[in-house]
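Report on the following structure.
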Amino acid sequence: MTDIQRPDELVSNDGRVRLYGQQFHTDPASLYLAIRQHFGPVAPVLLDGDLPAWLVTGYREMHQVTTDNVLFARDTRRWNQWANVPSDWPLLPYVMHNPSVMFTELGEHQRRAGAIGDALSAVDQFELRARCEKIADRLIDGFAGTGEADLIAQFANQIPLLAVAKMYGLSEAETPQLVRDVAMSLDVGPEALPAYMRVQEAMGRLVAAKRSAPGNDVPSTLIQHKAGLSTEEIVQDLLVVTAAAQQPTANWIGNTIRLMLTDSRFAMTLTGGRGSVGQALNEVLWHDTPTQNFIGRFATRDTQLGGQRIRTGDMLVLGLAAANADPHVRPDLAAGSLGNHAHMSFGNGEHGCPYPAPEVAEIIARTTVEVLLDRLPDLALAVPEEALVWQRSMWMRGLESLPVTFTPTYAVGTSSVAW
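Quick note on numbering: the working numbering labels position 285 of the sequence shown as 289, and the sequence is numbered without any gaps.
Below you can see the structure in the form of structure tokens.
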């Protein structure tokens with residue numbers, strides 16, 4: 005049995021795993037494997053500031069936690085550690101309660117999530133696909149003539165919100181600032197809170213405008229929905245959808261491109277190999293999922309899970325990447341994972357991504373990756389694979405940059421011609 009290294013900075017004196025540090029940025033898959041082998045499917049961990057929690061790494065246990073909403077509830081005010089949380093705790097944005105759909109429970113959650121699902125269902129997916137093709141073409145036009153690009157900064161990070169802005173009925177003029185502010189709000193720097201407030205103000209202005217002049221868009225559908233949502237509820241839920249759409253989808257796009265440029269199984273089909281894009285997208289969700297861990301659930305009474313004794317108010321961190329790697333369910337890498345969608349990458353149960361959010365995200369990701377490979381068929385990494393740097397986060401899994409080279413082209417309508 006592979007054991008976690010002892011003694012080192014990873015394990016505390018009381019035997020809990022410190023869920024932070026360099027090891028989570030370099031090789032998280034091996035670390036999750038070691039945690040599962042040492043502790044089993046539920047591991048005692050310490051979050052930043054050494055606050056205790058449980059990391060769920062087993063697929064079966066993850067399914068149990070995410071489907072039993074009575075025993076493992078979502079409202080973060082249930083947490084038994086609030087008295088020990090400092091005002092500058094870096095994870096406060098993940099656990100601080102607000103009136104969004106994220107922290108509602110039972111009937112109230114069904115009301116709010118149902119409205120979001122209905123609003124996303126009203127999105128014309130054919131129109132969305134066409135819009136994503138135009139977005140990808142325009143972004144590629146910006147660097148196609150140079151023969152080189154950073155596909156994270158110049159492509160993947162820009163696409164999701166450009167697509168969402170259209171779904172929200174935002175004007176072209178408003179979109180660039182929103183893209184910048186959302187990116188900053190998801191960071192951990194000093195600009196995060198001011199940027200978040202600007203995004204909230206933008207959503208407030210948007211809802212006010214749609215109340216006066218409704219259109220065929222997500223905010224208007226929420227305003228008119230039978231759930232009778234208040235302005236505050238709509239603003240908060242639009243913020244949730246915006247954040248959920250941006251970084252996870254951007255990482256999904258970037259991780260998929262990286263896989264297709266570095267895995268020999270995709271090399272022979274890269275040129276004109278559209279059929280392999282779907283396989284690559286699904287494989288990333290299994291093996292390099294954009295959201296690695298998620299806070300979380302909170303026990304409503306004393307119970308047992310995975311051989312561990314869980315106390316009332318204990319926090320459970322959903323180890324999505326670790327559960328996907330559970331050997332009891334993980335698909336055979338050699339055989340591929342196309343068609344196997346039983347991963348936990350979009351969550352599970354009532355608090356998973358509401359349908360059809362995963363479908364909308366896949367349209368955005370798949371369409372833009374296909375356009376990229378069609379436009380730049382000889383795309384290649386500009387650096388060795390081992391030189392790629394992952395973001396310093398144990399919550400998200402994405403690259404800092406993805407430098408590539410290709411034959412320079414110039415745009416002709418929506419097509420390109422080699423120089």
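Backbone N, C-alpha and C define an ideal beta-carbon position, used for all residues, glycine too.
Predicted model only: the values in this text are computed from it and were never measured.
Problem set entry | Pick from Val373, His67, Gly149, Thr413 that is closest to Asn255, judged by C-alpha positions | Val373
Exercise. With C-beta atoms as the reference, is Thr61 less than 7 angstroms away from Gly323?
Worked result: yes
For this session: Might you give, ordered along the chain, the residues of its own chain that have their beta carbon closer than 8 angstroms to the beta carbon of Gly219, omitting 5 neighbours on each side?
Result: Gly173
Problem set entry | Pro407 - partner residues in DSSP beta bridges | Asp154
Exercise. Excluding five sequence neighbours on each side, which residues of the same chain lie with their C-beta closer than 8 angstroms to the C-beta of Ala384?
Worked result: Leu265, Val408, Thr409, Phe410
Problem set entry | Endpoints, beta strand (DSSP E) assigned at Thr307 | 307-309
Exercise. Straight-line CA distance for Ala177 to Lys170?
Worked result: 12 angstroms
Exercise. Thinking just about the alpha-carbon of each residue, which of Arg133, Arg135, Phe159, Gln114 is nearest to the one in Leu143?
Worked result: Phe159
For this session: Compute the Euclidean distance between the alpha carbons of Leu182 and Val393, then round it to the nearest angstrom.
Result: 26 angstroms
For this session: Note down, one range per segment and in chain order, each alpha helix (DSSP H) of at least 4 residues found wholly within the region 10-91.
Result: 27-30, 32-43, 63-71
Problem set entry | Ala217 burial status per 10 Å Cβ neighbour count (16 or more: buried) | exposed
For this session: Compare the Cα-Cα distances from Lys138 to each of Ala117, Leu166, Gly151, Arg115 and report the closest residue.
Result: Leu166
Problem set entry | Inter-residue spacing [alpha-carbon to alpha-carbon] between Pro194 and Ile299 | 22 angstroms
Exercise. Out of Glu390, Ala206, His67, which has the shortest C-alpha to C-alpha gap to His355?
Worked result: His67
Problem set entry | Cβ-Cβ separation, Ala119 to Thr260 (assumed contact under 8 angstroms), whole Å | The Cβ separation is near 30 angstroms, so there is no contact.
For this session: Could you spell out where the alpha helix (DSSP H) holding Arg209 opens and where it closes?
Result: 196-216
Exercise. If you pair each beta-carbon of the region 43-53 with each one of the region 87-96, do three or more pairs fall below 8 angstroms?
Worked result: yes
Exercise. Under the DSSP definition of a beta bridge, which residues are partnered with Leu322?
Worked result: Val60, Phe298
For this session: Evaluate Glu65 with the Cβ neighbour count: other Cβ atoms within 10 Å of its Cβ, from every protein chain shown; 16 or more gives buried, anything less gives exposed.
Result: buried
Problem set entry | the region 375-390 / the region 107-118 touching (three or more Cβ pairs under 8 angstroms) | no
For this session: Using three-state DSSP, classify Thr108 as helix, strand or coil.
Result: coil
For this session: Can you have a look at His332 and say buried or exposed, based on whether 16 or more other CB atoms are within 10 angstroms of its CB?
Result: exposed
For this session: Excluding the 5 residues preceding and the 5 following Arg40 in the sequence, name in chain order all residues of the same chain whose CB lies nearer than 6 angstroms to its CB.
Result: Thr61
For this session: Sort out for me which residues DSSP pairs Ile314 with in a bridge.
Result: Thr307
For this session: List the endpoints of the continuous alpha helix (DSSP H) containing Met171.
Result: 163-172
Exercise. What number of angstroms, rounded off, separates the C-alpha of Gly282 from the C-alpha of Leu226?
Worked result: 31 angstroms
Exercise. Is Ala422 helix, strand or coil by DSSP?
Worked result: The predicted model places Ala422 with a pLDDT of 48, which falls under 50 and marks its position as unreliable, so this point remains unresolved.
Exercise. Can the beta-carbon of Gly121 be found less than 7 angstroms from the beta-carbon of Pro362?
Worked result: no
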